[in-house]
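Input: a single structure, listed below in structure tokens.
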Amino acid sequence: MTAKPAGSARDLFRLPRWGQRGTAGASIPAQLTFENIVQAYGSQRAVDGVSLTVEPGEIVCLLGHSGCGKTTLLRVAAGVEAPTAGRVLMDGLEVSGPKAFVEPEKRGIGLMFQDYALFPHMTIQQNVMFGLKDLSVSEAGIAARRALSRVGLEHYANEYPHTLSGGEQQRVALARSIAPRPGVLLMDEPFSNLDRRMRDAIRDETVAILRENGATTIVVTHDPEEAMRIADRIVLMRSGAIIQQGESEEIYRRPANLFAARFFCDFNEIPGVVRNHQVSCPVGIFPAPHLEDGPAVVCVRPQGLKLKPAGFCLPGRVASRRFLGEVDLVHIDVQGVDRPLQARVHDPVGVKEGQDVGIEVDTKDVLVFAASDA
Ligand SMILES: Nc1ncnc2c1ncn2[C@@H]1O[C@H](COP(=O)(O)OP(=O)(O)OP(=O)(O)O)[C@@H](O)[C@H]1O
Numbered sequence: 064m065t066a067k068p069a070g071s072a073r074d075l076f077r078l079p080r081w082g083q084r085g086t087a088g089a090s091i092p093a094q095l096t097f098e099n100i101v102q103a104y105g106s107q108r109a110v111d112g113v114s115l116t117v118e119p120g121e122i123v124c125l126l127g128h129s130g131c132g133k134t135t136l137l138r139v140a141a142g143v144e145a146p147t148a149g150r151v152l153m154d155g156l157e158v159s160g161p162k163a164f165v166e167p168e169k170r171g172i173g174l175m176f177q178d179y180a181l182f183p184h185m186t187i188q189q190n191v192m193f194g195l196k197d198l199s200v201s202e203a204g205i206a207a208r209r210a211l212s213r214v215g216l217e218h219y220a221n222e223y224p225h226t227l228s229g230g231e232q233q234r235v236a237l238a239r240s241i242a243p244r245p246g247v248l249l250m251d252e253p254f255s256n257l258d259r260r261m262r263d264a265i266r267d268e269t270v271a272i273l274r275e276n277g278a279t280t281i282v283v284t285h286d287p288e289e290a291m292r293i294a295d296r297i298v299l300m301r302s303g304a305i306i307q308q309g310e311s312e313e314i315y316r317r318p319a320n321l322f323a324a325r326f327f328c329d330f331n332e333i334p335g336v337v338r339n340h341q342v343s344c345p346v347g348i349f350p351a352p353h354l355e356d357g358p359a360v361v362c363v364r365p366q367g368l369k370l371k372p373a374g375f376c377l378p379g380r381v382a383s384r385r386f387l388g389e390v391d392l393v394h395i396d397v398q399g400v401d402r403p404l405q406a407r408v409h410d411p412v413g414v415k416e417g418q419d420v421g422i423e424v425d426t427k428d429v430l431v432f433a434a435s436d437a
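Okay, so the sequence shown: first residue is 64 according to the numbering used here, each after it adds one.
What follows is the structure, given as structure tokens:
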């Protein structure tokens, strides 16, 4: 028999009931440090010189496109793989490196995988007890019940994983990973198998549990919005290296380069030219104090374009309008710009295809990068 997928009737009609907040039990969080980690497979460097310290109790999201090395970095932290070069330290002590290698089960690190990796032949209770081998059977039973109770699934203790929906399996995997109260918790795409409606609710409660538990946590995701919802700090990766790290607002508003900018926003990108620290392009002239003279890319957030009556501001013609619920997505043709600009507009009353409009550009939604950055 196969597991009920997330989004099955059981999930859709009944949002999960969780246990009482504040009852997850506390871990003693550890500091986790990566020192110039390289992980090579043949000639390919999956991780290419990553240095990063995650402070005790901090929740860090490793964010990046598929194949950029996020999972490999988690595997190195967990001790599933020894790095090609560099060191991993926990609370300042080397656990992977030239001088030492501490076995994964001795690191006090909890793991949670995208597919949850529950053992099909074990009951839910036995699955959660699996990581509690240092405790007596009765103590492990109590700790497992407590973790299951926190995720609201103690009544499934004697069932088997295949009888649970995807959302419930996710919560069992969460209970299993927090039950031993690890100092560090590593979560690899823990919400990606859940449908959107389930995901928001489960993610918020999972973060509440992580905060109660207090473990130092790294969550891998490729979804920038998810990272912004979860993380104290986002670490953006590309081709095995860290591109930028910081709090979500900082990284969103001041991306270090065009790659980081594109990751967080579907910008309108318009070619321009910088002269005397100003960039000129078909939608206007904007400050570019950080750039030398030369070609540039002007990035305008879709929400930074406001529609005005024709005759005001920049002239444009509405190419299409699509209702998206809270906003409308309006495409506007502008002379000199190859592709229609996309504007996300609240309540564009009366705006129709073919209509001439004025476009106001909000300079706080404009970023400028050197063309060589593209
Ligand atoms: N054991 C391995 N042998 C050879 N190549 C590997 C191995 N593990 C990972 N790689 C390669 O290393 C690169 C990074 O993989 P990794 O799984 O860390 O990326 P990721 O960012 O986690 O991607 P995803 O989001 O798709 O899981 C990829 O090109 C992958 O094919």
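All C-beta atoms in this analysis are idealised placements derived from N, C-alpha and C, irrespective of residue type, glycine included.
- Counting only heavy atoms of ligand 1, the residues whose C-beta sits closer than 6 Å to one of them are, along the chain, Tyr104, Ala109, Gly127, Ser129, Gly130, Cys131, Gly132, Lys133, Thr134, Thr135, His285.
- Of the residues assessed, Pro318 falls on the buried side of the cut-off, its CB having 16 or more other CB atoms within 10 angstroms.
- Take the alpha-carbon of Ser311 and the one of Pro287: they are about 9 Å apart.
- With 16 or more other Cβ atoms inside 10 Å of its own Cβ, Lys133 counts as buried.
- Partner residues in the beta bridge of Leu370, as assigned by DSSP, are Ile422.
- When DSSP states are grouped into helix, strand and coil, His394 belongs to the strand group.
- Contact between the stretch 339 to 357 and the stretch 384 to 392 is absent, with fewer than three C-beta pairs closer than 8 Å.
- Between Val282 and Cys124, the beta carbon gap of about 5 Å places them in contact (Cβ cut-off 8 Å).
- The Cβ atoms of Gly367 and Val420 lie no closer than 9 Å to each other.
- Put simply, the backbone Cα of Lys169 is about 12 Å away from that of Lys196.
- The continuous alpha helix (DSSP H) containing Val200 extends over residues 200 to 213.
- Secondary structure at Gly230: helix, using DSSP grouped into helix, strand and coil.
- Collapsing the DSSP output to three states places Leu216 in coil.
- A Cβ-Cβ contact shorter than 9 Å links Val360 with Ile333.
- A direct Cα-Cα distance of roughly 8 Å separates Gly194 from Ala242.
- Taking a contact as a CB-CB distance under 8 Å, the pair Arg213 and Ala238 counts as one, their CB atoms being some 7 Å apart.
- A straight line joining the alpha-carbon of Val429 with that of Gly277 spans about 38 Å.
- Less than 9 Å divides the Cβ of Ala163 from the Cβ of Glu157.
- Residue range 321 to 327 is occupied by the alpha helix (DSSP H) that includes Arg325.
- When only Cα atoms are considered, Phe432 and Ile305 end up about 19 Å apart.
- C-alpha of Phe97 to C-alpha of Ile272: approximately 25 Å in a straight line.
- Excluding sequence positions up to five before and after Pro167, its CB lies within less than 8 Å of the CB of Ala141, Gly142, Val143, all in the same chain and listed in chain order.
- The DSSP-derived three-state label of Asn339 is coil.
- Bridge pairing for Ile305: Met300 [DSSP].
- Going by beta carbons, Val424 and Arg407 fall outside the 9 Å limit.
- Counting only the Cα atoms, Val393 lies some 28 Å from Asp436.
- Residue state for Leu257 is assigned as coil, using DSSP reduced to three classes.
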